[in-house]
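J.: Let me begin by handing over the structure; questions about it come next.
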Amino acid sequence: INLPSSLFPSIDLTYIEDKHSGLSTRKLFSALSSLKDDKVVMVASNKSEKTKIWIPTNPRGAERLPPGIITSESDFYLHRLWGQPSEDLTIKPKYLVTFTVGYNQKSNIDAAVKKFSENFTIMLFHYDGLTTEWDEFEWSKRAIHVSVQKQTKCPGYVESRWYAKRFLHPDIVAPYDYIFIWDEDLGVENFDAEEYIKLVRRHGLEISQPGLDANSASLTWAMTRKRDNTEVHMDTEERPGWCSDQHLPPCASFVEIMATVFSRDAWRCVWHMIQ
């Protein structure tokens, strides 16, 4: 590889090419050229060791790589392994919806999934090990399926956090503006996903959930009850003794882990707190 000596006078190209022998000359040249615009620290532990590139802003573990070859984020988009480019996604979904499911809830999940347009990537976490059975639904072939059995806290209680911590790393879901992490048994008759996104954007909600019908069997907290006189609410009055402070959960700043919706930035924070 031949580069002008004035371009990178202090970089040992032999070292770089040796460490990245699998790179094409063109890609290596592009990667090195990108160093001009990045903060680079040249380090050598002793006189006998060749000078190495060190870029503190690179992801942890990749500090020695030229920034031009770094890809710190990924996605769940389905890509072809062969065939024509036209067979790839016609659009890249902006939102991610996950359900932690058992096959006995197939009818409810089918109804829920149909509430979401092609702007949403659908992801199912299967706690009963049954995946191919879902092929009876046309949308299942486009969904992402993750199957790990018995990840429940107790019979009848689905531990969605176990899946979320392991499969929804912020760098993987980074392409999505909003991440829906939902239970399998929600009633969605009156839910409109696109309208909900509009509300969330309009009010700048980082963590939210749809309001529940006042007659819903799932209704435990007053905070989660839908109000007809407002688009959103952020505080409520609870039953006597349920709130130690009217400005603290569950009377304010509170959502229930059942139909939670996170913005991209909020999820990057929350993910690190999941135990």
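Residue numbers for the sequence shown follow my numbering, so the first one is 354 and each next one is one higher. The beta-carbon is built from N, C-alpha and C at its ideal position, and this holds for glycine as well.
(1) Between which two residues does the alpha helix (DSSP H) containing W620 stretch?
(2) Got a sec? Which residues, its chain only, sit under 8 Å from G509 by beta carbon, not counting five neighbours each side?
(3) In chain order, which continuous runs of the beta strand (DSSP E) of length 3 or greater are located wholly inside the region 552-623?
(4) For a quick check, are the C-beta atoms of V466 and I532 less than 9 Å apart?
(5) Please report the Cβ distance between F473 and V450, rounded to the nearest whole angstrom; I am assuming they are in contact, meaning their Cβ atoms lie under 8 Å.
(6) Would you kindly work out how many angstroms separate the C-alpha atoms of H522 and I550, rounded to a whole number?
(7) Can you list, in chain order, the residues of its chain whose CB lies under 6 Å from that of A546, leaving out five sequence neighbours each side?
(8) Between A619, A605, I462 and D530, which lies nearest to W492 when the distance is taken from Cα to Cα?
(9) Counting C-beta neighbours from all protein chains within 10 Å, is the total for F607 16 or more, i.e. buried, or is it exposed?
(10) Within the same chain, show all residues whose beta-carbon is closer than 7 Å to that of W620, passing over the 5 residues directly before and after it, in chain order.
(11) Relative to the ligand PLP, is the shortest distance from any of its heavy atoms to the C-beta of S439 smaller than 8 Å?
T.: Looking at the coordinates:
(1) R617 to W624
(2) At G509 the pLDDT is 44, less than 50, meaning the model places this residue with poor confidence; the figure from the coordinates comes in the next sentence. Leaving aside the five residues that flank G509 on each side, none in its chain has a CB nearer than 8 Å to its CB.
(3) Correct list: 612-616.
(4) Here V466 is not near I532, since their CB atoms are 9 Å or more apart.
(5) 5 Å
(6) In this structure, the CA atom of H522 is about 22 Å from the CA atom of I550.
(7) K468 and F469
(8) Among A619, A605, I462 and D530, the Cα nearest to that of W492 belongs to I462.
(9) So F607 ends up on the buried side.
(10) P523, V526 and I532
(11) No copy of the ligand PLP occurs in the structure displayed, which carries no ligand at all.
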